[in-house]
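Be aware that the sequence shown starts at 196, since it is given in our numbering, and climbs by one per residue. Positions of the beta carbon are idealized from the N, C-alpha and C atoms, including for glycine. Since this is a predicted model, take the numbers as computed values, not measurements.
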Amino acid sequence: NFFSGCQALVAWPSAYPRLTSAANMFNGCIVISELDLDLPVIVVISGLATGNSTLKKLRLQNTSNATNAALFVNNSTFLQSIEMDATRINTISGMPTIGLLRKVILTGLRYSVPVLAGTNVGQMTPAALDALYTSLGTAYTNAQVVTVTNNRGVDADTPSIATSKGWTVTGS
196 NFFSGCQALV AWPSAYPRLT SAANMFNGCI VISELDLDLP VIVVISGLAT GNSTLKKLRL
256 QNTSNATNAA LFVNNSTFLQ SIEMDATRIN TISGMPTIGL LRKVILTGLR YSVPVLAGTN
316 VGQMTPAALD ALYTSLGTAY TNAQVVTVTN NRGVDADTPS IATSKGWTVT GS
């Protein structure tokens, strides 16, 4: 519960060299609009920035030790950008509702991507979808899926970037 309930927090250190769990980190921090975190020994990322209605950009650097990422459950639809090193992630869930999401980079991810789709029209362009596909690693098995239904760019993206790595792309 690191910085949980921090209603007025606007500045924080970007590097957490010894932190191994980010359970409910920045939970309820309603002022933060951007997080750029360096988490070199993090293993579990759970409920990060849950209940944050102003977060627009999230960048998680140096997270190659993380194996579980249950992100953004009940998070705002204002999130526009997610970037993280997902090389060792074997469970990823809780992605935000589509809202304004324009960029998702999950470097090296080998396991299914939670649905990046919804009843709202997603803002991911063909170039943004292709960047997502490029960021993915080789699928762990042929049962790995990335769902991009209802994104603006699905008519002109290149899902073969992901399928050539063993992924199934739905909604494109």
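Sequence-distant residues of the same chain with beta carbon closer than 6 Å to residue i, five excluded per side
i    : result
I277 : L253, V299
T353 : D325
Terminal residues of the beta strand (DSSP E) in which residue i lies
i    : result
S241 : 239-241
A218 : 216-218
Cβ-based neighbour list, residue i, same chain, cut-off 8 Å, excluding 5 preceding and 5 following
i    : result
V340 : S307, V308, W362, T363, V364, T365
Distance CB(residue i)-CB(residue j) smaller than 9 Å
i    : j    : result
N263 : V239 : yes
L304 : L274 : no
Residues bridged to residue i [DSSP beta-bridge criterion]
i    : result
R254 : D231, E278
L295 : For L295, which the question treats as bridged, DSSP gives no partner whatsoever.
N337 : Answer by DSSP bridge pairing: none, since N337 is not bridged.
L301 : M279
V364 : V341
Closest by C-alpha distance to residue i, when choosing among the options
i    : options                : result
T320 : R297, P354, S367, T258 : R297
I225 : T336, L243, D233, T215 : L243
A261 : L250, K251, A218       : A218
L250 : G348, A338, P354, L295 : L295
Endpoints, alpha helix (DSSP H) assigned at residue i
i    : result
T358 : 355-358
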